[in-house]
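J.:
There are 2 protein chains.
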Amino acid sequence: MNTAELVDLGQQLRVDSVRASAAAGSGHPTSSMSAADLMAVLLANHLRYDFDRPEHPGNDRFVLSKGHASPLLYSAYKAAGAIDDDELLGFRKLGSRLEGHPTPQRLPWVETATGSLGQGLPIGVGIALAGKRLDHADYRVWVLCGDSEMAEGSIWEAAETAGYEHLDNLILIVDVNRLGQRGPTRHGHDLDAYARRFRAFDWHTAEIDGHDVDAVDRAYGEAISTKGQPTAIIARTLKGKGVKESEDREGLHGKPLKHADEAIEELGGVRDIRVRVHEPPSVRSLHAVGNGSLELPRWDKGDEVATRDAYGQALAALGTARGDVVALDGEVGDSTRSELFHKEHPDRYFECYIAEQQMIATAVGFARRGWVPYASTFAAFLTRAYDFVRMASVSGSGINLNGSHAGVAIGQDGPSQMGLEDLAMMRAVHGSTVLYPSDANQAAKLVAEMAGLDGIRYLRTSRGQSPVIYGPDEEFPVGGSKVLRSSDADRLTIVAAGVTLHEALAAADALDGEGIAVRVIDLYSVKPADRATLRQAAQDTGCLLTVEDHREAGGLGDAVLEAFLDGRPVPRLVRLAVRTMPGSASPGEQLHAAGIDAESIAASARLLVEEAVVP
Amino acid sequence: MNTAELVDLGQQLRVDSVRASAAAGSGHPTSSMSAADLMAVLLANHLRYDFDRPEHPGNDRFVLSKGHASPLLYSAYKAAGAIDDDELLGFRKLGSRLEGHPTPQRLPWVETATGSLGQGLPIGVGIALAGKRLDHADYRVWVLCGDSEMAEGSIWEAAETAGYEHLDNLILIVDVNRLGQRGPTRHGHDLDAYARRFRAFDWHTAEIDGHDVDAVDRAYGEAISTKGQPTAIIARTLKGKGVKESEDREGLHGKPLKHADEAIEELGGVRDIRVRVHEPPSVRSLHAVGNGSLELPRWDKGDEVATRDAYGQALAALGTARGDVVALDGEVGDSTRSELFHKEHPDRYFECYIAEQQMIATAVGFARRGWVPYASTFAAFLTRAYDFVRMASVSGSGINLNGSHAGVAIGQDGPSQMGLEDLAMMRAVHGSTVLYPSDANQAAKLVAEMAGLDGIRYLRTSRGQSPVIYGPDEEFPVGGSKVLRSSDADRLTIVAAGVTLHEALAAADALDGEGIAVRVIDLYSVKPADRATLRQAAQDTGCLLTVEDHREAGGLGDAVLEAFLDGRPVPRLVRLAVRTMPGSASPGEQLHAAGIDAESIAASARLLVEEAVVP
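As they're listed, the protein sequences go chains Y and V. Counted the way UniProt numbering counts, the first sequence spans residues 1 to 615. Counted the way UniProt numbering counts, the second sequence spans residues 1 to 615.
Below is the structure:
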């Protein structure tokens, strides 16, 4: 398109953004209007995309990091012929695909859910990294950010990663409209404030007037031809551009224009320009191919193995069988044991350094491109990326997460390194799966099984060694459990997983020596939990004792309770969990101090059984 | 101290780090050895600190962001005479104050718990900001970071804040020892890579040899005399410096030296140099003073008010009564209503922009200096800072957090903006308090009450208006509840809070019309929950129905269950919560779609009551 046509298209995008927001009675027209020219030039002259084939491997990828500017995105979809005007005007209504913030669950052209600021760029970096190092395809990744979100640290984690990885297939457009939600941003229209930061992170930068379509066009061309560096285009724009009532005015964030009809007239009225978007180039699909034969590591019963070791070995084996499996780590691969994957498959291993948010974002980007990512760090440090996990679930992203060094059982390193909230955090995520193995063979099987699930899959592993209690051919379906001690005389059921399972077994054996029979259930699948087995145990023994190396709220105990929350009679319940703030001590001392070791379990069990006798 | 003495002190700190780690059988001597000279010069020549009076308002503040280098910190404490050699050699043992990672809960000289990398600098920024804008004191804040943690986005959120706020009382020392946990860092010994990034964020920088004590001394002096900008001293060092076995060697992270005795000999043997640390200057205490008379806003029953509005008004009133109350917001003060505090008390309001991690870190820094911070953003976006909240709890920090826009009830904006995991996240934090008001008078009272609690206090507020149901003189003690419907004929108890309380009341009234009496409990104090009232209701009605605008895991329902987890008989339980992924829709449509509106509650109640009749 030529200058006049681009200007006209920009105005159409503004008009449609105003119309959609007015019809909805909510939305962000002013944040759309600032970026309309940036979007018009991209759509008409540079994006290579087949809207009929969003899965086309040669498609460029567009990420709207400032997700609240969704009216602009949907207006662009209309201009490209992907949606019609009726659908546009159904924006934000019940049942519409056009949500307040875009999600790929509902729209096939959306790469990732946005709306939590500072996430679009990191995920765009993940997609661009997949293009360079996994897909070996020439697609470009275009990310449109607002200026307010530049305050998020995640933007600079992403900037660091993209610069370091020489992602010249990544083009960031920063819509510097000077105004945040509440008022002026830190740097206003000081474009150099942003540009010099990106340059310091080894990016190429261009500073332009974001309403000069020729300047925008040239900047995009310059970005495309820049080699060895990502490009950040820092564009000076005006929020609410083109309408006197709204242009560069404070106090209008997230509000439909008061006088929409007049605004539309001022913008030149409703248009129906259709854009013929450039076709994507044809590309070869170059997914690595595995040998198809999964040979998981095997251990003999009685071997002493840490589940983190089993994780690393199983992940390496899975990578041999499947060419689509990739591993990421937050610079602790020697601790999580993901380094075992690195040794076998260096091309599919991604060192993310100590940047957990970017690690999850990279995993989400990889998953979007069809890869099966496993991202590992200490369970404690996954809390750093909780918002990214939450948003990945909004995206419907299928990613595997591993949190090692669970609980007080890590010992001397103290509470900063102990994952004690991870089960609560992951269980609360919609559609998640939460797994917590106690034994090496079990861990290995679960590593393989989680690859085939939907949504967020979380595997919790332990630092210390524990005895192998299952044979290598045993199966561990997600949603299942294992009953390890059982008799008709059971007077109580102990439910545990991971490190506390071994404590529970020791307690059961001690109690058995005293003539107290107890059932022991290994609830390795924390979510979904095996309700049938838990209900049977409740019926048979009347009382459940849960034991977990985790805070009392939101963990294994609550997972057990869920089996009884449909109005049925509930058994008596006692929960042992970590209720104090640990310091430094040996693993055994920690378990004892927290009251979750065999001795504590046996003591609680005795009390409960006595109570049952003398109510 | 002169050059020779400083060199000698550096060696002593190395020796003591090696000795402490050897005695513990774990720890990080090599990460301590790289920074030993940096620490020696600081302790002997620049730090102004009275170890006998850690609360002295004129004390400089030192934050060990690389918390794993705790042997160095404790060796410095010994050199300063704060601890003795016996205590040093008890490092990492059960009961010792000298934990694997330092915490202020156990040691009075530690400003904040570290060990989750990338947090020390943001919290140091918070303390420095308190020095500039609240304490008006001349103390300096010294932060020692590792190079690995420069990959964390939180470092750059902090850099942005410190540069923008002209924190020339902040001096960052980056110990560039080239090696992370697993291997080389991204930038190795490229000091300029770090320096140019900090300069881009408007810092003064100095690049030095971190083992040249004279260069270190000069750099500290230069930093102290730099005005208008924070200073970053980028120091080239060698991990494991001074011992051939360990110097600049990979694979030794987090491990005691194998040959400690030889290493000590190589370092010149055990010394007992005592440092006379500079006295802090005497300062006036300039805490703002309130009028001492708390006049909370008051509403009449039946008024329609959003709890977020009540939050903002109450916070402003609290700020008038108390001069130590400060407010922070993540650039959404017009939504959370913290802007009402800003209008009344601009000097005690901190716009943190869209940087939730730094906002929490600033609050932690303020709390450390004796202020009472209230930090607000959308409940959904507090997930961005979960690791900071978790670590604040390890620190024992007393901070108030407000999450607005809770649940699906926000309506059209969709899931990215909905706080649906916040109760689970906050309940899992050790020692936290979780409050969720349903009415303006209740919200106002809780805002005032939370100021006096220990630990992390979380208040969940709602976007939409709801009717005022409590009089302005009603009290709402933390740990309490309100029974709003009750009779001897109650056949069921509905437990709710916030927006669902109003739905529960509507359902109860509808059921009453059908001759079904139900009890309704307002569980505004989610943690701690009012166990006595819940137990009484269970005894009286036999069945509890919980309703929450939150995910099913970890929220209100689980809070209710905790009242029955001590082995007592448990009532029948049904939990209504948000089990789907919402899209865009009106608030009423959202509540209905999630099955947590009055109609859904009444339908569930009927079913349960019928079941009770015909089992």
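Every residue, glycine too, gets a C-beta built ideally from N, C-alpha and C.
Mapping the DSSP letters down to three states, classify Ser21/V as helix, strand or coil.
T.: The answer is helix: DSSP assigns Ser21/V an H, G or I state.
J.: By the 8 Å beta-carbon criterion, what residues does the segment 98 to 119 of chain Y contribute toward chain C?
T.: Reference to chain C is not applicable here, since the protein chains of this structure are Y and V.
J.: How many whole angstroms separate the CB atoms of Arg568/V and Arg572/Y, which I take to be in contact at a CB cut-off of 8 Å?
T.: With 8 Å as the limit, Arg568/V and Arg572/Y qualify as a contact, their Cβ atoms being about 7 Å apart.
J.: How would you write the range of the alpha helix (DSSP H) that Trp156/V sits in, first residue to last?
T.: Here the alpha helix (DSSP H) through Trp156/V covers Gly153 to Tyr164.
J.: Beta carbon of Ser404/Y, beta carbon of Thr500/Y: below 7 Å?
T.: Going by C-beta atoms, Ser404/Y is not nearer than 7 Å to Thr500/Y.
J.: Leaving out the 5 sequence neighbours to the left and right, which residues in its chain are closer than 8 Å to Glu611/Y when beta-carbon positions are compared?
T.: Answer for Glu611/Y: no residue qualifies.
J.: Just by C-beta distance, which residues in the segment 140 to 151 of chain V are closer than 7 Å to chain Y?
T.: Those would be Ser148, Glu149 and Ala151, in chain order.
J.: Quickly, what does DSSP pair Arg519/Y with across the bridge? List them, please.
T.: Paired residues: Thr493/Y.
J.: Which residue's Cα is closest to the Cα of Arg197/V: Val174/V, Val213/V and His211/V?
T.: The shortest Cα separation from Arg197/V among Val174/V, Val213/V and His211/V belongs to Val174/V.
J.: What span of residues does the beta strand (DSSP E) with Gln465/Y cover, start to end?
T.: First-last of the beta strand (DSSP E) with Gln465/Y: Gln465 to Pro467.
J.: Where does Val614/Y fall in DSSP's three states?
T.: Interpretation of Val614/Y is limited by its pLDDT of 44, a score under 50 that renders its predicted location unreliable; the figure taken from the coordinates is listed afterwards. Three-state result, Val614/Y: coil.
J.: Hey, could you find the ends of the beta strand (DSSP E) Asn402/Y is sitting in?
T.: First-last of the beta strand (DSSP E) with Asn402/Y: Ile399 to Ser404.
J.: Check whether the Cβ of Val609/V lies closer than 7 Å to any Cβ atom in chain Y.
T.: So no, Val609/V is outside the interface.
J.: Under a CB-based cut-off of 7 Å, is Met581/V close to chain Y?
T.: Closer than 7 Å: yes.
J.: Please report the Cβ distance between Asp84/Y and Lys93/Y, rounded to the nearest whole angstrom; I am assuming they are in contact, meaning their Cβ atoms lie under 8 Å.
T.: Actually they are not in contact, since the Cβ atoms of Asp84/Y and Lys93/Y sit about 15 Å apart, beyond 8 Å.
J.: Got a sec, what are the start and stop residues for the alpha helix (DSSP H) Tyr353/Y sits in?
T.: Per DSSP, Tyr353/Y belongs to no alpha helix (DSSP H) and is neither H nor E.
J.: Note down, in chain order, every chain V residue with its Cβ under 9 Å from the Cβ of Glu331/Y.
T.: Ser148, Ala151, Gly180, Gln181, Arg182, Gly183 and Thr185, listed in chain order.
J.: Helix or strand or just coil, what does DSSP make of Val483/Y?
T.: Correct three-state label for Val483/Y: strand.
J.: Going by DSSP, what residues sit across from Ile234/V in a beta bridge?
T.: DSSP, once it has assigned bridges, lists Val174/V and Glu207/V as partnering Ile234/V.
J.: Note the first and the last residue of the continuous beta strand (DSSP E) segment covering His550/Y.
T.: Taken as a continuous stretch (DSSP letters only), the beta strand (DSSP E) holding His550/Y covers Cys543 to Arg551.
J.: Mark Gly302/V as exposed unless 16 or more other C-beta atoms lie within 10 angstroms of its C-beta, in which case mark it buried.
T.: Gly302/V should be labelled exposed.
J.: Closest to Ala235/Y by C-alpha separation, out of Asp248/Y, Asp202/Y, Arg14/Y and Ala215/Y, would be which residue?
T.: The residue with the shortest Cα to Cα distance from Ala235/Y is Ala215/Y.
J.: Which of helix, strand or coil does DSSP assign to residue 622/Y?
T.: Chain Y is shown from 1 up to 615; residue 622/Y falls before or after that span and cannot be answered.
J.: Ser34/Y: buried (16+ other C-beta within 10 angstroms of its C-beta) or exposed?
T.: Ser34/Y should be labelled buried.
J.: Please report how far the alpha carbon of Arg368/V lies from the alpha carbon of Thr112/V, in whole angstroms.
T.: Rounded to whole angstroms, Arg368/V to Thr112/V spans 8 Å at the Cα level.
J.: Does Val614/V have its Cβ less than 7 Å from a Cβ in chain Y?
T.: At Val614/V, the pLDDT of 44 sits below 50, so the modelled position is not reliable; the number obtained from the coordinates is stated separately. No, its Cβ sits nowhere closer than 7 Å to a Cβ of chain Y.
J.: Per DSSP, which residues does Phe378/V bridge with? Please list them.
T.: Its beta-bridge partners are Ser404/V.
J.: Can you have a look at Glu474/Y and say buried or exposed, based on whether 16 or more other CB atoms are within 10 angstroms of its CB?
T.: By the neighbour-count rule (16 or more Cβ atoms within 10 Å), Glu474/Y is not buried but exposed.
J.: Please go through the same chain and pick out, in chain order, the residues whose beta-carbon is closer than 8 Å to the beta-carbon of Lys244/V, but skip the five residues on each side of it.
T.: Glu266.
J.: When the cut-off is 7 Å and only beta carbons count, does Gln536/Y lie next to chain V?
T.: It does not: the Cβ of Gln536/Y has no partner Cβ on chain V nearer than 7 Å.
J.: In angstroms with no decimal places, state the Cα-to-Cα distance between Gly542/V and Asp558/V.
T.: Gly542/V and Asp558/V: Cα-Cα distance of roughly 17 Å.
J.: Considering only the alpha carbon of each residue, which of Gly431/Y, Ser397/Y, Ala409/Y and Ala605/Y lies closest to Val495/Y?
T.: Checked all of Gly431/Y, Ser397/Y, Ala409/Y and Ala605/Y; the closest Cα to Val495/Y is Ala605/Y.
J.: Rounded to the nearest angstrom, what separates Ser395/Y and Pro373/V at their Cα positions?
T.: Taking the straight line joining both Cα atoms gives about 34 Å.
J.: Rank Leu98/V, Asn59/V, Arg61/V and Ser65/V by C-alpha distance to the C-alpha of Tyr74/V and give the top, closest one.
T.: Measuring from the Cα of Tyr74/V, the nearest candidate turns out to be Leu98/V.
J.: Tell me whether Ala316/Y is buried or exposed, calling it buried when 16 or more other Cβ atoms sit within 10 Å of its Cβ.
T.: It counts as buried.
J.: Can you list, in chain order, the residues of its chain with a C-beta nearer than 6 Å to that of residue 624/V? Leave out the 5 residues immediately preceding and following it.
T.: Summary: the structure shown does not reach residue 624/V, with chain V confined to residues 1 through 615, and so no result is reported for it.
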